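Student:
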Amino acid sequence: MSDPVDRLPQTRKSYESPTFDHPEVSPLALFRQWYDEAAGHVREPNAMTVSTLDEWGPSSRIVLLKGIDETGFMFFTDYDSAKGRQLRADPRVAVNFPWQDMERQVRIRGLAEEVAPEESDAYFAVRPRGSQIAASVSKQSQPVSGREQMQTEYDAAVAEFADTDVPRPGHWGGFRVRVFEIEFWQGQKNRFHDRWVFRRADGSHEPADLSQASAWSCVRLYP
Ligand SMILES: Cc1cc2nc3c(=O)[nH]c(=O)nc-3n(C[C@H](O)[C@H](O)[C@H](O)COP(=O)(O)O)c2cc1C
43 MSDPVDRLPQ TRKSYESPTF DHPEVSPLAL FRQWYDEAAG HVREPNAMTV STLDEWGPSS
103 RIVLLKGIDE TGFMFFTDYD SAKGRQLRAD PRVAVNFPWQ DMERQVRIRG LAEEVAPEES
163 DAYFAVRPRG SQIAASVSKQ SQPVSGREQM QTEYDAAVAE FADTDVPRPG HWGGFRVRVF
223 EIEFWQGQKN RFHDRWVFRR ADGSHEPADL SQASAWSCVR LYP
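Take the sequence shown: its position 148, counted from the start at 1, is 190 in the numbering used here, and no numbers get skipped.
(1) Is Arg103 near ligand 1, with its Cβ less than 7 Å from a heavy atom?
(2) Could you give the distance in angstroms between the alpha-carbon of Glu223 and the alpha-carbon of Val200?
(3) Decide if Glu225 is buried, meaning its Cβ has at least 16 other Cβ atoms within 10 Å, or exposed.
(4) Helix, strand or coil, according to DSSP, for Lys55 in the structure here?
(5) Name the DSSP bridge partner or partners of Gly215?
(6) If we call anything under 8 Å between Cβ atoms a contact, is Arg103 one with Val92?
(7) Can you say whether Pro69 is buried or exposed, counting buried as having 16 or more other CB atoms within 10 angstroms of its CB?
(8) Answer with buried or exposed for Lys55, where buried requires no fewer than 16 other C-beta atoms within 10 angstroms of its C-beta.
(9) Closer than 6 Å by C-beta to His213: which residues in its own chain qualify, once you throw out the five before and the five after it? Chain order, please.
(10) Taking just the CA atoms, how far does Glu202 sit from Asn88?
(11) Assuming contact is defined by CB atoms lying nearer than 8 Å, are Glu155 and Pro140 in contact in what I supplied?
(12) Would you check whether ligand 1 has a heavy atom nearer than 7 Å to the C-beta of Leu95?
(13) Who are the Cβ neighbours of Arg233 in its own chain at under 7 Å, not counting the five residues just before and after it?
(14) Helix, strand or coil: which one does DSSP assign to Thr61?
Okay, here's the thing in structure tokens:
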């Protein structure tokens with residue numbers, strides 16, 4: 043018996059989804075439809091890979107989508123984390139929803155901007171208290187001496203906020219990914235997949251309103 047890693051060249055899954063024809067709706071409407079379908083089949087369909095840039099190149103990690111509207115895709119994080127600093131220095135960003143259980147992925151390119159403080163306050167307020175406390179003490183992406191140190195700081199914050207709401211720390215908040223390109227990918231037989239990409243109808247790379255079908259042109263790509 044070989045290990046799964048040794049069998050990688052033979053590891054193959056056939057994709058056989060229904061054909062995916064030219065979408066006649068706005069990118070927002072199509073994303074909402076696909077998200078609804080993913081919600082029934084994919085564990086944590088709101089988990090998305092976010093890729094950022096610094097002087098050494100790209101890096102990516104998973105975060106959770108917390109809202110979407112015509113202006114873009116919202117997630118929350120530590121502004122002083124690696125990704126937070128990278129996005130503040132260079133807002134260019136890529137996002138990927140890997141919905142393999144649906145034989146689908148959605149790929150996004152855009153620019154990230156911080157959400158208004160009131161939006162961050164509103165979401166922070168509905169997080170579980172333990173998560174609020176963790177966000178308060180975590181210096182995300184900084185080295186820490188050990189789990190003990192983390193627990194000591196957590197316990198201190200529990201005591202500090204024993205009689206009050208946990209205030210949103212200034213270093214924690216949301217980003218909105220504003221979109222200039224979004225691709226919908228559906229697996230097909232023989233690796234002859236369907237790909238439809240929405241790009242700006244005027245050829246620009248400025249983010250646009252995702253609900254305005256006329257702002258976008260939709261093109262099929264070879265798989
Ligand atoms: C399923 C999943 C969901 C996650 N959601 C978030 C999130 O919403 N926000 C966040 O800051 N980190 C989230 N993380 C942790 C990030 O992947 C990452 O480890 C962390 O944000 C530090 O990244 P950075 O050092 O590149 O800034 C999640 C990780 C996983 C596996």
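Note that beta-carbon positions come from the ideal geometry of N, C-alpha and C, so glycine has one too.
Note that the structure is a prediction, hence the values are computed from the model and not measured.
Tutor: Taking the structure as given:
(1) Walking along the sequence shown from the start, residue 103 turns up at place 61. Within the cutoff, so yes.
(2) Translated into the one-based positions of the sequence shown, residue 223 becomes position 181. Translated into the one-based positions of the sequence shown, residue 200 becomes position 158. About 43 Å.
(3) Your numbering for residue 225 matches position 183 in the sequence shown. Its Cβ being crowded by 16 or more others within 10 Å, Glu225 is buried.
(4) The sequence position of residue 55 within the sequence shown is 13, counting from 1. In the three-state reduction of the DSSP assignment, Lys55 falls in the coil class, being assigned neither a helical nor a strand state.
(5) The residue labelled residue 215 in the question sits at position 173 within the sequence shown. Bridge partners of Gly215: Thr119.
(6) In the sequence shown, counting from the first residue as 1, residue 103 sits at position 61. In the sequence shown, counting from the first residue as 1, residue 92 sits at position 50. Taking 8 Å as the Cβ cut-off, Arg103 and Val92 qualify as a contacting pair.
(7) Residue numbering aside, residue 69 sits at position 27 when the sequence shown is read from its first letter. By the 10 Å Cβ count, Pro69 comes out buried.
(8) In the sequence shown, residue 55 corresponds to position 13, counting from 1. Label assigned to Lys55: exposed.
(9) Looking up residue 213 in the sequence shown gives position 171. So the list reads Asp120, Tyr121 and Asp122, once near-sequence residues are dropped.
(10) Along the sequence shown, read from residue 1 onward, the residue named residue 88 stands at position 46. Along the sequence shown, read from residue 1 onward, the residue named residue 202 stands at position 160. Approximately 33 Å, taken between the alpha carbons.
(11) Counted from its first residue, the sequence shown places residue 155 at position 113. Counted from its first residue, the sequence shown places residue 140 at position 98. Annotated as distal: Glu155 and Pro140, with beta-carbon spacing of 8 Å or more.
(12) Counting from 1 along the sequence shown, the entry for residue 95 is found at position 53. In this structure, ligand 1 has no non-hydrogen atom nearer than 7 Å to the beta-carbon of Leu95.
(13) Position 191 of the sequence shown holds residue 233. Taken in chain order, the residues that qualify are Pro265.
(14) Taking the first residue of the sequence shown as position 1, residue 61 is located at position 19. Coil at Thr61, not helix or strand.
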